[in-house]
Amino acid sequence: SVDAKNDSASYVLIPAQAAALATIELSTKPMINFVWLGFLIIVVGSGLAVVRRMRESKLQDSGQK
1 SVDAKNDSAS YVLIPAQAAA LATIELSTKP MINFVWLGFL IIVVGSGLAV
51 VRRMRESKLQ DSGQK
């Protein structure tokens, strides 16, 4: 504020607050499809193994009775 009668001025400094920002980087990875293919093969193979074990367990249980 400025006081003309007393020839004085005073300043109040308010600290600047940084805005919260997020940076997102978009890029293409040409070989990522092979990673997804490998993941899919692992999931399908695991599913087939579980189904096979369940069938074998049922056959073994019915054979013991």
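Numbering-wise, our numbering puts 34 at position 34 of the sequence shown, and it's gapless, one number per residue.
Even glycine gets a Cβ: it sits at the ideal position worked out from N, Cα and C.
Same chain only: Cβ atoms within 8 Å of residue 55, ignoring 5 sequence neighbours per side: Excluding residues within five positions, none has a Cβ falling inside 8 Å.
Secondary structure of residue 62, DSSP reduced to three states: helix
Straight-line gap, residue 49 to residue 42 (C-alpha atoms, nearest Å): Their Cα atoms are separated by approximately 10 Å.
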